[in-house]
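Residue numbers (my numbering): 3 to 451.
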Amino acid sequence: MNLLTAASAVDGHVVGDDAVFEQVVTDTRELSGGELFIALQGKRYDGRDFAQDAKRSGAVAVMANQQLEVDLPTLVVADTTKSLGQLAAYWREQFEMPVIGVTGSNGKTTVREMIARILEVDGPTLAAKDNLNNHIGVPLTLLQLRDFHRYSVVEMGMNNPGEIGYLSKIARPTVAVITNAAPAHLEGLGSVTGVARAKGEIFLGLEKEGVAVINADDRFAAYWLARGRRHKIITFGIEKQAQVRGKVKQLSAGVELSVEFPNAKINITLKLLGIHNARNGLAAAAAAWALGCRADQIKEGLEQVRPVNRRLQPILGKKKAQIIDDSYNANPDSMNCAIEVLSQMSGDRILVIGDMAELGSESESSHRAIGVYARKRGIDRLLSTGSHASLAGEEFGAGSCHYENIDKLSDAVIDLLAPGVNVLVKGSRSAGMERVVEAITEVHEENKC
C-alpha cells in the first residue's frame, strides 16, 4: 500500500513524499524495514516519542496526529487509533476471502486456533499468533491479509459495550461465532446479561449472506438467535437440540468428541484437557461446516490442535510433578472448568489461584464459590495469593493456605512438589500467576507436554 492511498482511507493528509509500505506496526521493536509506523497514544505511552527510533529501525513512513521532527513521510490524522481501524477496514475490503469472527467469555482463543487448524488443511489461513483481540490487535491482524491467504480467523474481545460491534464492522465476518457468555468484565458490563448483549454485537458487522454460529446450550442462546435472525443460523450443542450435535467422552490425556452434522458423522480425539474443550471443538466444527468444509477436513484439523500457551497447558514441574498452566486469565466459569480438569487427575491435586479481576459487586461471592466448588470436587489443597482469592481459601477450609505475595506462594508450592503431585495454576492476567508457573517448572520447551 502507498501512503496517499492510506491517507484517502483514513481522511488524513501526507506531509512529505509518498511512500510504499509493506506492513503496519505500532511497536518499534517489531520493525525490520519497509513498514508504516503508527504512533499510537495511550495513558502510559506516546508513540510519537519513538518516531526517531522507528526511522533508525527501518520505517519508511509514520502516522501521527501532528507533523513530527523526523525525516520521514508523515500521514497526519486526527486520531491514530481511529485511523488504524479505518485503514484495516479499507484493507479488509480489498479481499473476498471468508473471514471468521469469534467471540465469547471463554474459549475464544482456543476456538480461533481450532478453526485455523481446520482451514489450514485447505489452504493458507491468517490467524493472530498472540492474543490480538482488541481495537488495536484486530486491525493489525487484518492488515496482514495478503492475496495468498484463503481464509482469516479473527478473535474479538472486549471490556465495554460497543467494542465488539466496532471490531465486527471492521472485520466484516463471513461467519460469526459466539462460544458463550459468562461472568467476565462485569465492571464494564454490569451483569452477565450485559456480557451476552455485548457478545451479540458481533452480528452487527456480519455480511448480509453470512452465517451466525450459536451455542444452543448457553442460556442466552434464544437472545442470540433473535439478534441474528436476519442471517442464516447454525447451532451447536451437547445438551440441547442443535444442527451440529456433540457427544463427549473423557480420556486420560484429552477428550473424544463425536460430532454429528446433518449429513455426516465423525469421531475426533482432541489432545486437550477438559470437557469444555470438547465444546470448543464443537464450536469450531460448526463454524467450519458453515463454510462448507468436509467432515474429514474438520477431523484432520481438530486432531492437530495442541494446547494454547498458558491455557490448561501440561508442563513437567520440578521434582517431576505435573503442572497444568492455566495462568493466562480467569473468570468464574473458566475457573470451574479448570477445577473439573484437576479433579479428574490421579494423585494429589493442588489448586493454586490468584484473584479473578473485573467482577465488580460479584467479586466476593464469586471467589467464595470457587472455594466451595473446589472442596466439592475433591481437591486436596488450595493455595492462594491476592485479597479476593483469600476468600476462596476461607470457604475451602482445611487444606487451604494464603500467601501475601507470589514469591512466598511459589516457595510453598515447590515444597509440596513430588512425583504424582498435580498442580493447577490459574488467575486473571493482572494476578501474574505465570510467575508461579515459571518458579515451579523446569522451564524448557521440551518439557511442555
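Here a beta-carbon is modelled for each residue, glycine too, at the ideal position from N, C-alpha and C.
Just so we're clear, the structure is a prediction, and the values are computed from it rather than from any experiment.
Thinking Ala-63 and Leu-42 are a contact (beta carbons under 8 Å), I'd like their distance in whole angstroms, please. Ala-63 to Leu-42, Cβ: 15 Å. No contact.
Could you tell me whether the region 363–376 touches the region 408–416, where touching means 3 or more Cβ pairs closer than 8 Å? no
If the criterion is Cβ atoms closer than 9 Å, does the pair Leu-147 and Ala-290 meet it? no
For Ala-61, three-class secondary structure by DSSP: coil
Could you check the C-alpha separation between Leu-191 and Asp-20 for me, to the nearest Å? 44 Å
Got a sec? Which residues, its chain only, sit under 6 Å from Ser-260 by beta carbon, not counting five neighbours each side? Lys-249 and Asn-269
Relative to the C-alpha of Val-140, which candidate in Gln-299, Ala-223, Arg-437 and Leu-86 has its C-alpha closest? Leu-86
Count the other CB atoms, across all protein chains shown, that sit within 10 Å of the CB of Ser-107; report buried if there are 16 or more and exposed otherwise. buried
Pairing CB atoms from the region 111–129 with CB atoms from the region 301–311, are three or more of them under 8 Å? yes
Determine the closest residue to Arg-199 out of Trp-226, Lys-45, Ala-218 and Ala-178, with distance taken between C-alpha atoms. Trp-226
Quick one: Cα of Val-423 to Cα of Gly-401, how far? 15 Å
Pull up the DSSP beta-bridge partners for Asn-424, would you. Gln-324 and Arg-351
Please give me, in chain order, every unbroken run of the beta strand (DSSP E) with length at least 3 that falls completely inside the region 162–248. 177–180, 213–217 and 234–239
Sequence ranges, beta strand (DSSP E) only - wholly within the region 236–314, length at least 3: 246–253, 256–263 and 266–272
Counting beta carbon pairs with one atom in the region 147–163 and one in the region 326–343, are three or more of them shorter than 8 Å? no
Please name the residue or residues paired with Ile-40 in a DSSP beta bridge. Met-65
In the structure shown, what three-state DSSP assignment does Ala-8 receive? helix
If I'm right that Gly-18 touches Pro-75 with Cβ under 8 Å, what's the distance once you round it to whole angstroms? 4 Å
Three or more beta-carbon pairs under 8 Å between the region 168–180 and the region 212–223, yes or no? yes
Rounded C-alpha distance that separates Glu-447 from Val-113: Low local confidence applies: a pLDDT of 46 at Glu-447 is under 50, so the model's placement there is unreliable, with the coordinate-based value given in what follows. Each residue's Cα considered, the two are about 23 Å apart.
Val-439 to Asp-357, Cα distance in whole Å? 16 Å
Can you tell me whether DSSP reads His-137 as helix, strand or coil? coil
Between the CA atoms of Asn-135 and Ile-381 - distance to the nearest angstrom: 33 Å
Please say whether Glu-342 and His-404 have beta carbons closer to each other than 9 Å? no
Looking at the secondary structure, which residues open and close the alpha helix (DSSP H) in which Tyr-375 lies? 365–378
Which residues share a DSSP beta bridge with Ala-129? Val-155
List the residues that DSSP assigns as beta-bridge partners of Val-22. Asn-4
Decide if Ala-224 is buried, meaning its Cβ has at least 16 other Cβ atoms within 10 Å, or exposed. exposed
Run through the DSSP bridge pairs and tell me what Gly-14 is partnered with. Partner(s): none; Gly-14 has no beta bridge.
Reduced DSSP secondary structure (H/G/I, E/B, other) of Ile-381: coil
How close, in whole Å, do the beta carbons of Val-78 and Gly-14 come, if the pair is a contact with beta carbons under 8 Å? 6 Å
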